[in-house]
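In the working numbering, the protein residues as written are 15 to 611.
No residue lacks a Cβ here, since even glycine has one placed at the ideal position from N, Cα and C.
Here the structure is a predicted model, which is why all the values come from computation and not from measurement.
Single-structure report; data block below.
Okay, structure coming up:
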């Protein structure tokens, strides 16, 4: 319970920060709205008693009161709705900004590869302003219902203390049952998170343009549809079971409320016949019982919905409380300009305990100003080594030094700001051509000359200029309807040139890393790209990863990775002369281009 109170206090504080004037306005409206039911009950009693006694002048005041209360009843819900909507919108902005600021604070990749975290994050994203309404705006609803409940119970107590107590006690089972059902529902939703992610994944494959070719070629439509329906059936079975329990419970409690109301009404009629109550008292009693039960039910609903929202907010707060997945430096160090080089000392790495080692004691130096090529078979550890250089992970053992500074002592953002990187699994953004390049250097987004220069270097400039709107062409079809054909979808090779330009727009960085920069290009385009890259890399510190050995033969140093270790290193001529693994692999590739006599 203290945790829940703390969570509620946090949300209340966020709501206040989102709009102090809104909060005060809601409080005023809440108090007025809470007094309306009790006022209506007493005004009705006075009106009926006045009419029963034949004193018409005694009815004028109650009539005026009922008119005013009717006006308030008609207007206040709309005012409340507007204030609640505006409060929810402002709170939603604050919660979304708060959550994604925290998510962006995770500097590494390990959390995004953890299914438990992804489930937690999925639940946290549901903690929006509207979902938190039962706690924020709901607190005002609860306050209104409590005020109404207090007034109506007071009216009942004046007429019959016993009946007031009976009505109040009858609400306790309703409250307990409703809270129990909400806990079950929230646990059910949390348990369905993995199934929901699978269902969304299968459904996306059925509608995704990238998957459409293989889905149709391989006839996967029915297979994926069955997976979607299977996951939905699993989720709906749990929902159905809970809905049945809820229907039975709520029906039983409704019957209890109806029994209490019936007993009270019988007592009131009997008392009126015995002369102990006036006709107005009976009317007031009936209205007070009905109003009290309605206020009790609303209060229970408020409490139950607030409990559900608090459980969702728990996921939000758990994400907020997570520490960075990379250990922060004890004494942050400044990253010097690269003058000597980058050194990996006895670097071991695996992605989790119990998993196989991907790197096993790697010792490697990337000299300043040198072009280093990294080659190896699939699974040799090339991409993992790049991730460690970018500090998406820290080595399990060993260390990486940048001019003698351990990169774990440097803020990751400072390290990455000194690199230009093209990943093998580069992104294709649903943005314009210029923006697809400019995201590599946000400061250059508005500098068209830098963007065009990077595109020229990657060989993308002519392709982009030929687009309907040149660099301002949207490279996506998802934002356009059938009547608008300005969105363009590029080929794989064209996307790769844009991704390469994105890395090259960071032209003044200390280290350039290119992971398979030409894997999607034809032979002529590949030759031209590597020719330009050789010119660009001359005198610069660079790391090039490629399976095509002809593209790396001019590197100052070629490093061969095998089974997580460095198997060989040297110049192309040295490795060919050694006649070992590199020489055999080079000969195998070269033989494919020779014509047998």
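>> Using only CA atoms, which one of 465, 599 and 381 lies nearest to residue 553?
In response: Ranked by Cα distance from residue 553, the first of 465, 599 and 381 is 381.
> Buried or exposed: which applies to residue 483, given that a residue is buried once 16 or more other Cβ atoms fall within 10 Å of its Cβ?
Replying inline: Exposed, because fewer than 16 other Cβ atoms sit within 10 Å of the Cβ of residue 483.
> If you scan the region 451-475 from start to end, which runs of the alpha helix (DSSP H) of 4 or more residues do you find wholly inside it?
Replying inline: The qualifying runs are 462-472.
> Is the region 407-418 close to the region 594-605, with three or more CB pairs under 8 Å?
Replying inline: With fewer than three CB-CB distances shorter than 8 Å, the region 407-418 does not count as touching the region 594-605.
> Closest to residue 368 by CA distance: which of 394, 410, 401 and 328 is it?
Replying inline: For residue 368, the closest of 394, 410, 401 and 328 by C-alpha to C-alpha distance is 410.
>> Could you compute how far the alpha carbon of residue 568 sits from the alpha carbon of residue 558?
In response: If you take the alpha carbons of residue 568 and residue 558, they lie about 11 Å apart.
> Which residues in the same chain have their Cβ closer than 8 Å to the Cβ of residue 208, if we skip the five residues on either side of it in sequence?
Replying inline: Only 129 and 133 meet the Cβ criterion.
> Nearest-angstrom Cα distance between residue 472 and residue 536?
Replying inline: Residue 472 and residue 536 have their alpha carbons spaced roughly 14 Å apart.
> Do residue 44 and residue 199 have their CB atoms nearer than 7 Å?
Replying inline: Note that the C-beta distance between residue 44 and residue 199 is not below 7 Å.
> Considering only C-alpha positions, which residue in the set 525, 563, 253 and 440 is nearest to residue 508?
Replying inline: It is 440 whose Cα lies nearest to the Cα of residue 508.
> Roughly how far, in whole angstroms, is the beta-carbon of residue 446 from the beta-carbon of residue 477, given that I think they are within contact range, below 8 Å?
Replying inline: The distance from the Cβ of residue 446 to that of residue 477 is about 14 Å, inconsistent with a contact at the 8 Å cut-off.
>> What residue range does the beta strand (DSSP E) around residue 232 cover?
In response: Note, residue 232: premise wrong, no beta strand (DSSP E); not H, not E.
>> Here's the rule: buried if 16 or more other CB atoms are within 10 angstroms of the residue's CB, otherwise exposed. What is residue 91?
In response: Around the beta carbon of residue 91, fewer than 16 other beta carbons sit within 10 angstroms, so the residue counts as exposed.
>> Please identify the residue among 331, 266, 248 and 377 whose C-alpha is closest to the C-alpha of residue 131.
In response: Of the listed residues, the one whose Cα sits closest to residue 131 is 331.
>> According to DSSP, residue 380 sits in a beta bridge with which residue or residues?
In response: According to DSSP, residue pairing for residue 380 in a beta bridge involves 356.
> Excluding five sequence neighbours on each side, which residues of the same chain lie with their C-beta closer than 7 Å to the C-beta of residue 513?
Replying inline: Answer for residue 513: 436 and 440, listed in chain order.
> Below 7 Å between beta carbons: does that hold for residue 104 and residue 32?
Replying inline: Yes, the pair counts as a contact, with Cβ atoms nearer than the cut-off.
> Could you give the C-beta distance for residue 339 and residue 122, rounded to a whole number, given that I count them as a contact under 8 Å?
Replying inline: Indeed, because the Cβ distance is near 4 Å, the residues count as touching under 8 Å.
>> Considering only DSSP beta bridges, list what residue 46 is partnered with.
In response: DSSP output for residue 46 lists no bridge partner at all.
> Using the C-alpha atoms, what's the distance from residue 296 back to residue 286?
Replying inline: The straight-line gap from Cα to Cα measures roughly 7 Å.
> Is the region 162-175 in contact with the region 296-314, if contact means three or more CB pairs nearer than 8 Å?
Replying inline: The region 162-175, when compared against the region 296-314, does touch it at the 8 Å Cβ threshold.
>> According to DSSP, simplified to helix, strand and coil, what is residue 582?
In response: In the structure shown, the three-state DSSP call for residue 582 is strand.
>> Going by DSSP in three states, residue 432 sits in which element: helix, strand or coil?
In response: In the structure shown, residue 432 falls within a coil segment according to DSSP collapsed to helix, strand and coil.
>> Please state the DSSP three-state secondary structure of residue 556.
In response: Residue 556 falls in the strand class under three-state DSSP.
> Where DSSP assigns a beta bridge to residue 411, which residues make up the other side?
Replying inline: Looking at the DSSP output, residue 411 sits in a beta bridge with 362.
> Since residue 387 and residue 573 are thought to touch, with beta carbons under 8 Å apart, how far apart are those beta carbons, to the nearest angstrom?
Replying inline: That pair is a contact at about 7 Å.
> Alpha carbon to alpha carbon, what distance is there between residue 226 and residue 497?
Replying inline: Note that residue 497 scores a pLDDT of 49, beneath 50, so its modelled location is shaky; the value from the coordinates is reported in the next line. One C-alpha to the other measures close to 22 Å.
> For residue 187, which residues of its own chain have a beta-carbon under 8 Å away from its beta-carbon, when the five flanking residues on both sides are left out?
Replying inline: Short of 8 Å from the beta carbon of residue 187, and not among the five residues preceding or following it, lie these beta carbons of its own chain, in chain order: 267 and 270.
> What are the residues that DSSP puts in a beta bridge with residue 574?
Replying inline: Residue 574 is bridged to 389 and 582.
>> Measuring only the C-alpha atoms, how far is residue 243 from residue 210?
In response: Each residue's alpha carbon lies about 11 Å from the other.
> residue 587: which of 83, 81, 162 and 571 sits nearest, CA to CA?
Replying inline: The shortest Cα separation from residue 587 among 83, 81, 162 and 571 belongs to 571.
>> Just to confirm my understanding: we take residue 57, look at its own chain, exclude 5 residues before and 5 after, and list those with CB closer than 6 Å. What are they?
In response: Only 76, 79 and 80 meet the Cβ criterion.
>> Please state the DSSP three-state secondary structure of residue 441.
In response: Coil at residue 441, not helix or strand.
> Taking only runs of the alpha helix (DSSP H) that begin and end inside the region 225-292, which ones reach a length of at least 4 residues, in chain order?
Replying inline: Segments of the alpha helix (DSSP H) lying fully in the region 225-292: 235-287.
>> Quick check: residue 145 and residue 323, are their CB atoms within less than 7 Å of each other?
In response: Between residue 145 and residue 323, the C-beta spacing is below 7 Å.
>> Using the three-state DSSP reduction, which class does residue 488 fall into: helix, strand or coil?
In response: Strand.
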